[in-house]
Ligand SMILES: [Zn+2]
C-alpha cells in the first residue's frame, strides 16, 4: 500500500464525513442525566463509524465488527449485560446495525459524548471479558475500510458457550478480491517431475482455471502472473496489497526425495515453522529470491510496518480460518493429503503481507502417480473445484 494513497484516503473520508454524515444518537443503558448531556451538534471527528454488524463464528462465538473510516483507538468496559466500546475522537454514523440472528447481541447503539463515541452493545447474556490481544484491527481491503473485530462467548470465565448457532449471514453483494499466485515462472521452473512436468506450468494452468471459476461466481480475481514470467516473491505479495485483496492464494507443487511421498498440503505464514519439513519447504520456496527465512529487508516499508504490528496476528488468524476451509474442501474431494497435520506453518516470503492467505502445495511432482494426475485436466479441475468451495466457505465478511 502506498503511504500517499493511504493518507489521501483518510483525508477524503473525513472530508466526505463532514458534509454527509448522519448523526445517530440512539440511547440505551444510560441514565437520563447522561442523555441530557449529549451534544446537539454533530461532532466532526478524526474518525467515524461507517457500519456495525454481528455474525456467528464457530464454537458459539459471536463476532462484532465496527467499521470505521480511519484506524480506531478504543477502550472497552463490561457493565451488567452490556459491553461498551469507547472510540476516541470518533463520530457516530452508518446505517442501522446489521444484526445476525442467533448471536449473543440483542442490540447495538451509538452514543456520542463529546469527541468520544460509545458503542453500547446490549447482550442476551453476560460475556467473558475479551483479551485485548484477541481484538483484531484490520486495514482496508476490497470494499471494507478499517474494521475493529471482537469475538466473544457467553459466561464469565471463557468457554462454556452455546453451540450449534445459525450460520453467519453473508452479504454476497460485495465483490471480494482474490489474488491467485501461480508459483515460480520464467527462469525458475520450480520442481520438475520424472517425466519432465514443471511446477511452473502446472500451477499456472490451475491458477487460470481457478480465476475463471471464481470470476464466474462473482469474485474479482487477479493473477500475479498470467504467463511464463519470473516474478520476485516480494512483488507477488505487493500485488495482493495493491489490489486490496481479501484473500491471497499461492499455488505450488511439491517434491520429496522419497518418490513414495505424495499428497497436498496447506501452509500459512509463521516466523516459526510447525515442523522440520515445513521449514525445509519454506527454505526451498524462498531460495528463488535468496530471501533468508527471517529477512524482511526486501519488502517495502509499509509492509514491514504492518507486519510488525498487531495486524500480523489478525492476518494470521484469518489465514488459519481459510487454510482450515481449504484442507476440509480438499479432504472432502478425496484428494490425497500429505500425512501429518492438515495445516502447517512456515516463514514463506510470498505470504508476508497484510492480506490473509495460504500457500497450497497441490501435490507431489516427485511421485509418479501424482505427476500424471497434476498434468491431467480432470485432476486440475478437481483441485479447482475444491479450492473454489474453500473460497466460498471462507468468511470474508469480517
Ligand atoms: Zn513451489
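Numbering (the working numbering), first residue to last: 2 to 399.
Note that CB positions come from ideal geometry on N, CA and C, so glycine has one too.
- With 16 or more other Cβ atoms from the protein chains shown falling within 10 Å of its own Cβ, residue 266 counts as buried.
- The shortest C-alpha to C-alpha distance from residue 357 to any of 77, 177, 283 and 264 is the one to 177.
- By the neighbour-count criterion, in which 16 or more other beta carbons inside 10 Å mark a residue as buried, residue 56 falls on the buried side.
- Judged by beta-carbon spacing, residue 361 lies beyond the 9 Å limit of residue 185, meaning their Cβ atoms are not closer than that value.
- Only exposed fits residue 231, as fewer than 16 other CB atoms lie within 10 angstroms of its CB.
- The three-state secondary structure of residue 58, taken from DSSP, is strand.
- Any heavy atom of ligand 1 within less than 6 Å of a residue's beta carbon puts that residue on the list, which reads 184, 185, 191, 200, 253 and 286.
- Put simply, the stretch 267-278 does not touch the stretch 187-207. Fewer than three CB pairs are less than 8 Å apart.
- Counting only runs of 4 or more residues that sit fully inside the stretch 183-244, the alpha helix (DSSP H) segments are 200-217 and 234-243, in chain order.
- Its Cα nearest to that of residue 333, the residue 386 stands out among 386, 368 and 108.
- By the C-beta density criterion, residue 210 is buried, having at least 16 other C-beta atoms within 10 angstroms.
- By the Cβ criterion, the stretch 128-136 is not in contact with the stretch 94-103, since fewer than three pairs of Cβ atoms, one from each stretch, lie closer than 8 Å.
- The beta carbon of residue 338 sits closer than 8 Å to those of 264, 265, 266, 328, 331 and 332, all from its chain and outside the five residues before and after it, given in chain order.
- Between the alpha carbons of residue 318 and residue 142 lies a distance of about 16 Å.
- A Cβ-Cβ distance of about 22 Å is found for the pair residue 150 and residue 244, leaving them out of contact under the 8 Å criterion.
- Listed as beta-bridge partners of residue 388 by DSSP are no residues whatsoever.
- Listed as beta-bridge partners of residue 345 by DSSP are 268.
- Annotation for residue 369: the continuous alpha helix (DSSP H) segment containing it runs 369-376.
- Distance from the Cα of residue 98 is smallest, within the candidate group 283, 65 and 234, for 65.
- For residue 52, the CB contacts under 6 Å within the same chain, skipping 5 residues up- and downstream, are 68 and 95 in chain order.
- The residues 85, 87 and 112, in chain order, have a CB closer than 6 Å to that of residue 119 in the same chain once the five nearest residues on each side in sequence are set aside.
- As computed with DSSP, residue 119 is found in a beta bridge with 87 and 112.
- Excluding five sequence positions before and after residue 320, the CB atoms of its chain that fall closer than 8 Å to its own CB belong to 269, 270, 352, 357, 358 and 359, given in chain order.
- Pairing residue 342 with residue 283 gives a Cβ-Cβ distance that is not under 9 Å.
- CA-to-CA, the gap between residue 74 and residue 189 works out to about 45 Å.
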